[in-house]
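These protein sequences, in sequence, are chains A, B and C.
Just so you know, we're using the working numbering here: the first sequence kicks off at 1 and counts up by one.
Just so you know, we're using the working numbering here: the second sequence kicks off at 335 and counts up by one.
Just so you know, we're using the working numbering here: the third sequence kicks off at 514 and counts up by one.
Presented below is the structure to which this report refers.
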Amino acid sequence: MLPLLQTRIASPRSLDEALELMATPRARAVAGGTDLLPNLKRRLGSASLLVSLHALSELRGIEVGDAGLSIGAGTTLTDVATSDLVKRHAPSLAQAAVLVASPQIRNMGTLGGNLCLDTRCRWVNQTDFWRGALGGCLKSAQMDPETSFKNADVCHVVPGGKRCVAAVSADTVPVLIALDATARVASKRGVRRLRVVDLFVNDGVRNLAIEPDELLIGVDVPTHAGARRERYVKWRVRGSIDFPLVSAALRFDLDGDVVKDARLVVGVLGARPKVVGVERVAVGRKLDAELATELAELAHRQCTPLENVPYEAGHRRHLLRVLVRRAIEALAQG
Amino acid sequence: MNDTDKTRADEPAPAVSLLRFRLNGADVSVAVEDHRTLLEVLRYGLDLTGTKQGCDEGECGACTVLLDDKPVLSCCTLAAQVEGRDVRTVEALAEREAAALLDAFDRHDAAQCGFCTPGVLMSAEALLMDTRRAVTMPEAAQALSGNLCRCTGYTKILHAVVDASERLAEEDAEHGAAS
Amino acid sequence: MTEPEKWQIGGHHRKLGAMERMRGIARYTDDLSLPRMLHAKILRSPHAHARILAIDPTKAMQMPGVIAVITGSDMPTPYGVIPWTPDENVLAIEKALYVGDGVACVAAETEDQAVAALAGIEVEYEVLQAYFDPEEALAAEETINPYARKGNLSKEVELAFGDVDKGLEDAALVIEGDYEFHGTTHGAIEPHCALAKVDPDGLLTVWSATQVPHYLHRELAKVLEIPARQIRVIQPPVGGAFGGKSEPFDLEFCVAKLSQITGRPVKLLYTREEVFYAHRGRHPMKMHYRHGFDAKGKLVAVDAKTLLDGGAYSSFGLVTTYYSGQLLCAPYELGSYRFHSRRAYTNKPACGPKRGHGSVQPRFAMEVQLDKAAIALDLDPIELRRQNAMGSDSLTVNELRVGSNGFLDCLAAVELASGWKERRAKLGFGHGLGVAGSTYISGTNYAIYPNEMPQAAVQITLDRSGRARIFSGASDIGQGSDTMLAVIAGEELGLPTEDIRVLSADTDLCPVDLGAYSSRITLMVGNACLDAARKLRKKVTASVAKRWECSAKQVSLVARQAIDMNDPARRVDLVEAFHWAEADHGLLGEVGSYDTPKDRHGSYRGGAIGASPAYSFTAHVAEVKVDDETGEVEVVKIWCAHDCGKAISRGLVEGQIEGSCYMGAAEVVLESHGVNAEMGGLHHGPSFLDYRMPTTLDTAEIEALIVEAPDARGPHGAKEAGEGPLHSTIPAIVNAIYDAVGVRVDDLPVTPAKLVRAIEAQRALMGDA
């Protein structure tokens, strides 16, 4: 087995209690645990206190109100995937949620947890023995400061790189950004709101603009009037379990068959999702096969997959173009 | 070699709590170190070795148990997280679904080495409890897509799950017709 | 008086022990626990090739709960599953030979403490140049394995039969090609585990998830330097093996040694990562083939050059090297044949036997070569194979005796089931059918260690409650060998399988059996079981006949009764019959044996390796859909017809066919086992996430078709079914891909990236033409 290091655990019954505990130095929040536990077992990161959120029913729930479609961060991915409200107001989010990992992981994992999924890299997501043999890297060294790694300032993906480019790999993230969602983040200091796109910073070691004592508590997706077509595109080698190797979210708001507004957000590149500048090309155009090809080409030009996740970057770039084109063609058909 | 009576003065004491939860239909309370996973507590703390460890990293499904009737990976669940909740393991499959599934698995030869089977049965049981009707092969495949099997190629497993669901549906129909 | 119908053989049976396994009642090795048990962990080398200068366990010994630390010098005797190549130590002594090679082992009160203690064992290494490419290794001055006798050449086999050069010269068509098969591993869901204890009188008991309790027994005695009679090896139910648990491993010796030192039971469970380091999986092979055909498509000559990448230790490598050439001489008549196989040591996890041991890779090449010939000759690929099929009771070009041969029936079965003739031309671009055939051994005549004793033995006793007890050394690794033995015995003795207890794989209680490998159990142990059961049957029927005053020949034992076939109203409960027999003969116990025939192979050196009492035959048709833009291959359906001689229990045979097809398909498109040469030989990804095994959503529909061409040498004509059906899955899929998109990928795996490149290259070529 891979035993965890000794740590304490607390299971607060209220959000206030949780936030109080999060102020403890080196406290880590754990909801489903499907990302955190494997990482901790491999000594990727550590915690003096695990604050389990499982008993916080106030973090669970899906409703439509003034803020739009509001989803508690503690809502499981299964619940997001099967929710009638989500399917109606944000179908591409339901699509993304049902594609995460495996049924068991969807039952455990939460929307908040997926948003906060650690970045991934073939040189990092391995056991401590393996990373030690490698000599570590930028991310390894920072996540495991107790160990001295001979390659502590090396990036194995970008030679000479000084900034970690581990890839954001959460399925729901590109979708939430494409839908202009807002995140609600709480701490003892109060609740702040920020656009989901602004949650992400370009640093593979810590790609979230969330303080160590803060908790993501919910996400609001604006509801919309008018015709909208949206889709989440995922490619992985197997049909289940695997993280995305190609990940893109599409959204078109239409007036008749003319595009009023468009978004294309691509994940699994670097630490931050890429918002591809499609509005210039798409707005005012008919949603058709020709537009599909152009936008796919645009995505291909603007997005550079790296040899961070375990599949050839060149092929992933090729697939991005093919799959985005096909997805838009399908959306064009209605 | 050291003497077997080893002083542990240097070792910081692990945090231990009393964990109370419902396990296979009975209330249990057990002293558990904070950093233990549910899988460790089941297998090594409670000697319920039916739940298997295939990878301990959340990637194979062999450790699947039901938590509040939902299949979860016990290797990625902290024991403390089941406080006050309902856990079921292969040692106590839900009676009705269990009888149908075990019989179908046996008739179809759906278990070869049997190591993945407890986890598979938990996922299958949840599917049958959720759907309460005959399921299709694709539905069974989806429900079991988080359970790796290396021996069977899944064919007989999926047929057995569909078969079990059909028999349960027949029983339900008979009961419905009878009442 | 007619011969009674077989009432058990060929039916469907509930598998013995299945309920216990499914319900989580059966105790696999890690489910076992003993009082005061210690936990052990192995410290492994982070270097692919390094001299071990010093190991200092002082810090570890001071850590909480640590009881003992051992290193390589505590067990200096080298060993190896093949007695001619004992080239490994339990823990590395002089050098670590790959990333993951064990160098020390610690035992502590808890697993937490053992894991923590690894950091307290200080090892001083001198890093050496490492070799990851077999050709580079062969060319290198430096020898990797300290016990190797020929530098980095682990084994070389060159055999020739007939005049190949002339055959190729005179051939109307020569197909020449380079083929590469990557590495794959077993991926059994149960990780290796071993538990040892020593009794006050010194008796050592080792429980291990092994396929080969007998070989483990021998090697434990050798390495621990204690007599074999002081050791007991027990194999609990095993959670899958596929050849990955068919030799002794470090953990087994470590727990034994630590148990002797500490006087306490010691258990060691591999992490999933460690299973990848232990490996012993399929050898990567580089193959160069030339096939010569006459104008009609009849094979006249085959020339093969093969380079096997063996990894750091020999494992079964001597045998693998032979198999890579010897096992390809059926199901087709080759005319003349020459092969030259070399196995190289490299600084990687050792390769060994994986389901289909040594012949899967060459079979892939052979069957693609045949496909290319069929295309060149404008022949239906199935027709070409028919034309070249050898018959039954024939001799292969390398002098192996083939007995029964259902290959033509297999071809016909898949041809029909897949709608080959009607559908093949009609499938559009991107949709294809492919065919391939193969053969495999039902056990090997070659005893791993030379001896004159029978290869298999079974002891059966009958008791007064009407039950039979079978004592068999055979390892049921999930394939159902216990059930197979019960069915055979039950058939003879009139007992349903519920009335039969099988005690297996305990060296104290059971006869020696060589283990579950090379698909030997049904034929060899089955025959031994049949032998013992028939002896008992004779005693029982004689005692009944005596009391009925009739001939024993008319007494039939079936369904818990003894029946007079001349007067079926006269019958007696089997319990009574057993009592009569025990009254007449005393305790009813018989031993049955089986030894492989000595006359079924050539007398040249190595002629026995590849020889088998009987050969199974297989044909596959695979249907694929290829997305030419993304390169994704969807294997839609696999039809597999497998000649197993006689299916003793149909469900078990189907299960083996289905499991084999699933595993073979995974090797074409999904799985890839290897190390990163640029990163010091680190494994690409030693986890079930990175080593992608198919989920339910990645597995084709599989149709298993049982073909029966009974072989006189098999029990009831039975031959193997555990490994044969895997072989032709691979080339059938590869050939189907060609049929779908007109593109060949001759180096596996066929990844989407490779396929897209090949399709685009093809298009560029066509564009330029």
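Quick reminder that beta carbons are idealized off the backbone N, C-alpha and C, glycines included.
Pull up the distance between the alpha-carbon of LEU737 of chain C and that of LEU2 of chain A, whole angstroms please.
Using only the alpha carbons, I get a separation of about 29 Å.
Margin query: Rounded to whole angstroms, what is the Cα-Cα separation between LEU1268 of chain C and ILE657 of chain C?
Written below: Distance between the alpha carbons of LEU1268 of chain C and ILE657 of chain C: 36 Å.
Is it buried or exposed, SER759 of chain C, if we count other Cβ atoms within 10 angstroms and call 16 or more buried?
Its Cβ being crowded by 16 or more others within 10 Å, SER759 of chain C is buried.
What's the C-alpha gap between GLY848 of chain C and LEU908 of chain C? Straight through space, the alpha carbons of LEU908 of chain C and GLY848 of chain C are spaced by roughly 12 Å.
| task | Taking the CB atoms as reference points, tell me whether ARG184 of chain A and ILE210 of chain A lie closer together than 7 Å. | result | With contacts defined as CB atoms closer than 7 Å, ARG184 of chain A and ILE210 of chain A fail to qualify as a contacting pair.
Is the region 834 to 849 of chain C touching the region 946 to 966 of chain C, taking contact as three or more C-beta pairs under 8 Å?
Yes, since at least three Cβ pairs between the region 834 to 849 of chain C and the region 946 to 966 of chain C fall closer than 8 Å, the two stretches touch.
Practice task
Can you tell me the Cβ-Cβ gap for ALA1222 of chain C and SER955 of chain C, rounded? I've got them flagged as a contact below 8 Å.
Solution key: No, ALA1222 of chain C and SER955 of chain C are not in contact; Cβ-Cβ is about 12 Å, not under 8 Å.
Length of the line joining the Cα atoms of LYS710 of chain C and LYS150 of chain A = Taking C-alpha positions only, LYS710 of chain C is separated from LYS150 of chain A by approximately 41 Å.
Margin query: Please state the DSSP three-state secondary structure of GLN1074 of chain C.
Written below: In the structure shown, GLN1074 of chain C sits in a strand (DSSP, three-state: E or B).
Starting from HIS1186 of chain C, trace the beta strand (DSSP E) in both directions and tell me its first and last residue. Neither: HIS1186 of chain C is in no beta strand (DSSP E) and is coded neither H nor E.
Evaluate VAL1285 of chain C with the Cβ neighbour count: other Cβ atoms within 10 Å of its Cβ, from every protein chain shown; 16 or more gives buried, anything less gives exposed. The requested residue 1285 of chain C is not part of the displayed model; chain C covers only 514 to 1282.
Open item on the list: Can you list, in chain order, the residues of its chain with a C-beta nearer than 7 Å to that of LYS139 of chain A? Leave out the 5 residues immediately preceding and following it.
Closed with: So the qualifying residues of the chain are CYS121, VAL124, CYS164, ALA166, GLY204, VAL205.
* Indicate whether the contact test is met: 3 or more Cβ pairs, each with one atom in the region 725 to 742 of chain C and one in the region 581 to 599 of chain C, closer than 8 Å. => Segment contact: the region 725 to 742 of chain C against the region 581 to 599 of chain C, three or more CB-CB distances shorter than 8 Å; contact assigned.
* Asked: Using a C-beta to C-beta distance shorter than 7 Å, which residues of chain B count as neighbours of ASP544 of chain C?
  -> Those are THR383, listed as they occur along chain B.
request  = May I ask you to verify whether the region 398 to 417 of chain B touches the region 366 to 373 of chain B, counting CB pairs closer than 8 Å and requiring at least 3?
outcome  = The region 398 to 417 of chain B and the region 366 to 373 of chain B touch, with no fewer than 3 CB-CB distances between them shorter than 8 Å.
Exercise for the section: Measuring only between beta-carbons, confirm whether GLU425 of chain B sits less than 7 Å from chain A. Expected result: Interface annotation, GLU425 of chain B: not in contact with chain A, CB-CB separation never under 7 Å.
Can you give me the Cβ contacts of GLN773 of chain C inside the same chain, cut-off strictly under 6 Å, excluding the 5 residues immediately before and after it? For GLN773 of chain C, same chain residues with a beta-carbon under 6 Å away, outside a window of 5 residues either side, are VAL711 in chain order.
- Task: Let me know if THR470 of chain B comes out buried or exposed under the rule of 16 or more other beta-carbons within 10 Å of its beta-carbon.
- Result: Exposed is the call here.
Q | Supposed close pair THR974 of chain C, LEU529 of chain C - CB separation, criterion 8 Å | A | That belief does not hold up - the Cβ atoms of THR974 of chain C and LEU529 of chain C are roughly 17 Å apart, past 8 Å.
- Task: Taking only beta carbons into account, state which residues of the region 25 to 36 of chain A come closer than 8 Å to chain B, listed in chain order.
- Result: Result list: VAL30, GLY32, GLY33, THR34.
What residues in the region 472 to 499 of chain B bring their beta carbon closer than 7 Å to a beta carbon of chain A? So the close ones are ALA477, SER479, GLY480.
Just curious, the alpha helix (DSSP H) that LEU98 of chain A is in, first and last residue?
One point to set straight first is that residue 98 of chain A is Val, not Leu, in the sequence displayed. Per DSSP, VAL98 of chain A belongs to the alpha helix (DSSP H) from 91 to 99.
Just checking: is the beta-carbon of THR119 of chain A within a distance shorter than 7 Å of some beta-carbon in chain B? Among the CB atoms of chain B, none fall inside 7 Å of the CB of THR119 of chain A.
Practice task
Using a Cβ cut-off of 7 Å (strictly closer), state whether ASP1211 of chain C contacts chain A.
Solution key: Interface annotation, ASP1211 of chain C: in contact with chain A, CB-CB separation under 7 Å.
Any contact between the region 851 to 858 of chain C and the region 825 to 839 of chain C? By contact I mean 3 or more CB pairs, one from each, below 8 Å. As far as the Cβ criterion goes, the region 851 to 858 of chain C touches the region 825 to 839 of chain C, which means the pair count is three or higher.
Cα-Cα separation between CYS116 of chain A and LEU208 of chain A, rounded to whole angstroms:
Rounded to whole angstroms, the gap between the alpha carbons of CYS116 of chain A and LEU208 of chain A is 7 Å.
- Of the residues that make up the region 1192 to 1210 of chain C, which ones have a beta carbon closer than 7 Å to any beta carbon in chain B? Flagged, chain order: SER1200, PHE1201, LEU1202, MET1206, THR1208, THR1209, LEU1210.
ask   = How about GLU393 of chain B: is its C-beta nearer than 7 Å to some C-beta of chain C?
value = Chain C contact via Cβ: present.
Q.
Quick check: what's the CA-CA separation for LEU37 of chain A versus GLU391 of chain B?
A. Looking at the two C-alpha atoms, the distance is approximately 8 Å.
Next on the checklist: Using 7 Å as the threshold, is the C-beta distance between ILE1161 of chain C and VAL1000 of chain C below it?
Outcome noted: Cβ atoms of ILE1161 of chain C and VAL1000 of chain C: closer than 7 Å.
is_contact[ASN382 of chain A, chain B] using C-beta, thresh 7 Å | Within the shown structure, residues of chain A are numbered from 1 to 334, placing residue 382 of chain A beyond reach of any answer.
| Supposed close pair HIS562 of chain C, LEU604 of chain C - CB separation, criterion 8 Å | Not confirmed; about 16 Å, so no contact.
Open item on the list: Taking DSSP's pairing of strands, which residues face ALA365 of chain B in a bridge?
Closed with: B:LEU352.
Next on the checklist: Beta-carbon within less than 7 Å of GLU912 of chain C's beta-carbon, same chain only, minus the 5 sequence neighbours each way: which residues are those?
Outcome noted: Excluding five sequence positions before and after GLU912 of chain C, the CB atoms of its chain that fall closer than 7 Å to its own CB belong to HIS1114, GLY1115, GLY1120, given in chain order.
So, is GLU928 of chain C buried or exposed, given that buried needs 16 or more other C-beta atoms within 10 angstroms? In this structure GLU928 of chain C is buried. Its beta-carbon is surrounded by 16 or more other beta-carbon atoms within 10 angstroms.
query = By DSSP, does TYR1175 of chain C sit in helix, in strand, or in coil?
reply = In this structure, DSSP gives TYR1175 of chain C a helical state, which the three-state scheme calls helix.
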